[in-house]
Amino acid sequence: MRRIEPPNAPLGSIVLDRVSMVDDDDEELLQDARDEKGRERWLSWRLGVSFFLFGLLNNVLYVIILSAALDLVPPSTPKGIIAFVNIAPALVAKVGWPYLLKGHIRYTKRLMGCCLLSSLGMIVVAAFDNLNMRLLGISFASFSSGLGELTFLQLSTTYTPPSLAGRSVGYFASGTGAAGLVGAFLWWEVRSLGVRVGVGLSSIMPWIIPIVYFFLLPHSSAFLCAASPLAYEDATSPAEHSIIPYAPLPATEDEIGEEGFVPSGRKRGVSLSANDKWRLVKPLLVKYMLPLFIVYLLEYTINQGIAPTLLYPVPNAKDHPVLSKFIHTIRDYYPLWQALIFVILAFDSAVGLFPDDDGAISIVTVFLLISLEGVCGGLA
Numbered sequence: 026m027r028r029i030e031p032p033n034a035p036l037g038s039i040v041l042d043r044v045s046m047v048d049d050d051d052e053e054l055l056q057d058a059r060d061e062k063g064r065e066r067w068l069s070w071r072l073g074v075s076f077f078l079f080g081l082l083n084n085v086l087y088v089i090i091l092s093a094a095l096d097l098v099p100p101s102t103p104k105g106i107i108a109f110v111n112i113a114p115a116l117v118a119k120v121g122w123p124y125l126l127k128g129h130i131r132y133t134k135r136l137m138g139c140c141l142l143s144s145l146g147m148i149v150v151a152a153f154d155n156l157n158m159r160l161l162g163i164s165f166a167s168f169s170s171g172l173g174e175l176t177f178l179q180l181s182t183t184y185t186p187p188s189l190a191g192r193s194v195g196y197f198a199s200g201t202g203a204a205g206l207v208g209a210f211l212w213w214e215v216r217s218l219g220v221r222v223g224v225g226l227s228s229i230m231p232w233i234i235p236i237v238y239f240f241l242l243p244h245s246s247a248f249l250c251a252a253s254p255l256a257y258e259d260a261t262s263p264a265e266h267s268i269i270p271y272a273p274l275p276a277t278e279d280e281i282g283e284e285g286f287v288p289s290g291r292k293r294g295v296s297l298s299a300n301d302k303w304r305l306v307k308p309l310l311v312k313y314m315l316p317l318f319i320v321y322l323l324e325y326t327i328n329q330g331i332a333p334t335l336l337y338p339v340p341n342a343k344d345h346p347v348l349s350k351f352i353h354t355i356r357d358y359y360p361l362w363q364a365l366i367f368v369i370l371a372f373d374s375a376v377g378l379f380p381d382d383d384g385a386i387s388i389v390t391v392f393l394l395i396s397l398e399g400v401c402g403g404l405a
């Protein structure tokens, strides 16, 4: 609103009044900018903590099962069967689920189903002494973990801009790393209670996920930099996103309009078919997916197939006064190993051991460390 000055007001007072009005407006703009920046930091903090907890809680049962492998099977049974059952159902979920199902993702229903399946699996492991029933319970928890990881990574893509989605994946990955440390130390503490009580208590942990999902995770629409508004299937759930539906991929070049767009545009209710998904995956298969698959395959072969066979003697107080304070049985090596891994990863994330623009140094260093691991294992 324009201010009307009195007809006899001095010129100097008018100028001062207008200058003060400009200063007040600038101060209000600066305060609004500070408030908006604080709001963005608060939302980013909630998003980071949420995905960190998702990664931790989704993978902690996997680590607990590996830590308790010696206690879950009879001495005459190969311990490798625990590692196999603990990873195979998760692999099936990750490989098959995205291509078999179509339509919008019901995040609330899927996450609640994963929590129920994880808790049920751990309860079965705790309640039965029969080996087959325990393997069945581990399979339930494993499948739930694989489907949960897939779901959380899909959930991260609903946040825009892409850099925000990338940070969400980074927080989730950090949580999965922390799960190794937390799971190993949890079983270290509750192992004295026995399998029935210790594993039974761990069945409560998956239900922390819905609490984080409903009360801590912010809506994707809360980030004002979103490229386009997202519809919600259920307004009561924080991230029940109805992602903008995909348009069917053109089968031939004739169906592609100018600049690569499909003439018919996007239509609600249309989803990718299995053939559409395969055409999207095919260019990425050899260049990205296959190399990463081989890296993870070899890494888990070392961690689950080779490392458990390296049985080191329990240190005595005379020869190893420091190590003997932490290592009392062979099982105590696992939490120590997880703690060292977590410290190295955390230090690398915070400080950066290698420059970001020189991937060759990091790759060569990783290869040398893996070779050193093999040499040490062979000489042990």
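When we follow our numbering, the leftmost residue of the sequence shown carries the number 26, and every step to the right adds one.
All C-beta atoms in this analysis are idealised placements derived from N, C-alpha and C, irrespective of residue type, glycine included.
Let's see if you can read the secondary structure: which residues bound the alpha helix (DSSP H) around residue i?
i: V150; result: 132 to 152
i: V320; result: 315 to 325
i: V117; result: 105 to 125
i: A299; result: 299 to 309
Quick one, which of the options has its alpha-carbon nearest residue i's?
i: W212; options: A364, L315, A93, F76; result: A93
i: V222; options: L72, I355, D96; result: D96
i: L82; options: Y184, S167, L397, T183; result: S167
i: G138; options: S169, I89, E214; result: S169
i: Y124; options: N341, V306, L68; result: V306
i: G202; options: A247, H244, L86; result: L86
i: V134; options: L116, I234, R64, Y196; result: First, the amino acid is wrong: residue 134 is Lys here, not Val. Looking at the Cα atoms, I234 is the closest of the given residues.
i: I331; options: R304, V400, W303; result: V400
i: I352; options: Q363, V339, L322; result: V339
i: G195; options: V224, A342, E53, S69; result: S69
i: A118; options: K62, F165, L54, K312; result: F165
i: S193; options: F79, S246, V149; result: F79
i: E324; options: E65, I395, V98; result: I395
i: S199; options: V74, L55, V110; result: V74
Helix, strand or coil for residue i, going by three-state DSSP, please let me know.
i: A190; result: helix
i: Y184; result: coil
i: G339; result: As written in the sequence, residue 339 is Val, which differs from the Gly given in the question. Of the three classes helix, strand and coil, the one that applies to V339 here is coil, per DSSP.
i: I229; result: coil
i: G208; result: helix
i: G200; result: helix
i: N157; result: helix
i: I331; result: helix
i: S245; result: helix
i: T176; result: helix
i: P360; result: helix
i: V389; result: helix
i: F351; result: coil
i: V224; result: helix
i: P235; result: helix
i: G128; result: coil
i: V98; result: coil
i: G162; result: helix
i: G219; result: coil
i: S167; result: helix
Run the proximity test for residue i: is its beta-carbon closer than 7 Å to any non-hydrogen atom belonging to the ligand FMN?
i: F177; result: In terms of ligand content, the structure shown is empty, and the ligand FMN therefore cannot be addressed.
Please confirm whether residue i has its beta-carbon closer than 8 Å to some beta-carbon of chain C.
i: S143; result: Within the model displayed, chain C is absent; a lone protein chain is all it includes.
Report task. Jot down the residue ranges of each uninterrupted alpha helix (DSSP H) in the segment 44 to 94, minimum 4 residues, whole runs only, in chain order. Result -> none
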